[in-house]
Every structure is written in C-alpha cells, then in structure tokens.
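Q:
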Amino acid sequence: MSLITVAGMLGGLAVFLLARRGRKAAERLLADQRAGLIGPDEVARAKVQQKERSLRLGKGVCAFLGLLLLAVLGRAAVTGEWGGTTLYYAVLVVVLLLVSAFTLSRVAAEANEAKNELGRPGH
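Below, the structure written as structure tokens:
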C-alpha cells in the first residue's frame, strides 16, 4: 500500500470523524432548541458558529486534496510512471476536489446567510 493511499484513507477518516462530531453538535442544538433550553438569539449565534466550523473543515479538506493531488502528480513526475494507477488516483482526487469545492461554496453561502440573519433586528 502506497503512502498516498494511506494518507488518503487517514484523511478521509479524519474528515468523517470531524463531520460526525459537527452533526452531533447540530443535533444537540436542535434538541436544546425544541426543549426551550436556549432562545432564538443563542440558536442564531450557534448556527453561525457551526457554519464557520464547517467552512474551516471544508477549506481543510480542499487543501488536503490539493496536496494529495500534488503528491500523486509529483510521484508520477519523479518515477516516470504515468500509467493506470496514477491516472486513477489523479482522476479520483480531482473529482473529490471538485465536489469538495462545490460543497465549500454552498457552505460559504449558508454561513453568510446565517451571519445576515444574526444581524437582523430581533437577533
């Protein structure tokens, strides 16, 4: 197993665990809101913080995938192996990078929307 494969798997696992932690925090926030433990202002602030954490995670994912793509292409340039495995890894990482960048743009829009909602009167 190559170092690039191991790095990709460990990176994917880290992203999965961080996303799961964020989802649990969102579920707790929703449960607290439904139980009346927190008010609308606190919910709005918590949503902004959650979106900002998601935005940071998304930026980290995109940076990691960019570095992984550079590692794949760098290894191919050094070894001269531009065959099937390199092409497979390059296409896979590019597709993941595009999906991550698209998702990042959606999260950025949601974060801006949450900040605007927080700035409205009554929040």
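Each residue of the sequence shown is one higher than the one before, counting from 1 in full-length UniProt numbering. All residues carry an ideal CB built from backbone N, CA and C; glycine is no exception. From a predicted model like this one, the values you see are computed outputs, not experimental measurements.
1) Take the Cβ of V61 as the centre, count every other Cβ of all protein chains shown within 10 Å, and call the residue buried at 16 or more, exposed below.
2) When the distance is taken between beta carbons, is E42 closer than 8 Å to A111?
3) S100 lies in the alpha helix (DSSP H); which residues open and close that run?
4) Which class does E81 belong to by DSSP, given the choice of helix, strand or coil?
5) If you follow the alpha helix (DSSP H) that G11 is in, where does it begin and where does it stop?
6) Going along the chain, which residues of its own chain have a beta-carbon closer than 8 Å to the beta-carbon of L104, five neighbours each way excluded?
7) Can you tell me the Cβ-Cβ gap for Q50 and A19, rounded? I've got them flagged as a contact below 8 Å.
8) Residues in the same chain with beta-carbon distance under 7 Å from L65, minus the five sequence neighbours each way, listed in chain order, please.
9) Go ahead and label Y88 buried or exposed: buried means 16 or more other beta carbons lie within 10 angstroms of its beta carbon, across all protein chains shown.
10) Which same chain residues, not among the five before or five after G8, have their C-beta less than 7 Å away from its C-beta?
11) DSSP three-state call for G39: helix, strand or coil?
12) Is A90 closer than 8 Å to V72 when the C-beta atoms are compared?
13) Which residue from A31, G74, R21, L17 puts its Cα closest to that of I4?
A: Considering the structure as presented:
1) Here V61 is buried, its C-beta having at least 16 other C-beta atoms within 10 Å.
2) no
3) Taken as a continuous stretch (DSSP letters only), the alpha helix (DSSP H) holding S100 covers 84–119.
4) coil
5) 3–35
6) Answer for L104: L55, G58, K59, V61, C62, listed in chain order.
7) At roughly 12 Å, the Cβ-Cβ gap does not stay under 8 Å, so Q50 and A19 are not in contact.
8) Within the same chain, L65 has close Cβ partners V93, L96, L97, S100.
9) Y88 is classed as exposed because its beta carbon has fewer than 16 other beta carbons within 10 Å across all chains shown.
10) L68
11) coil
12) In this structure, V72 places its C-beta atom within 8 Å of the C-beta atom of A90.
13) G74
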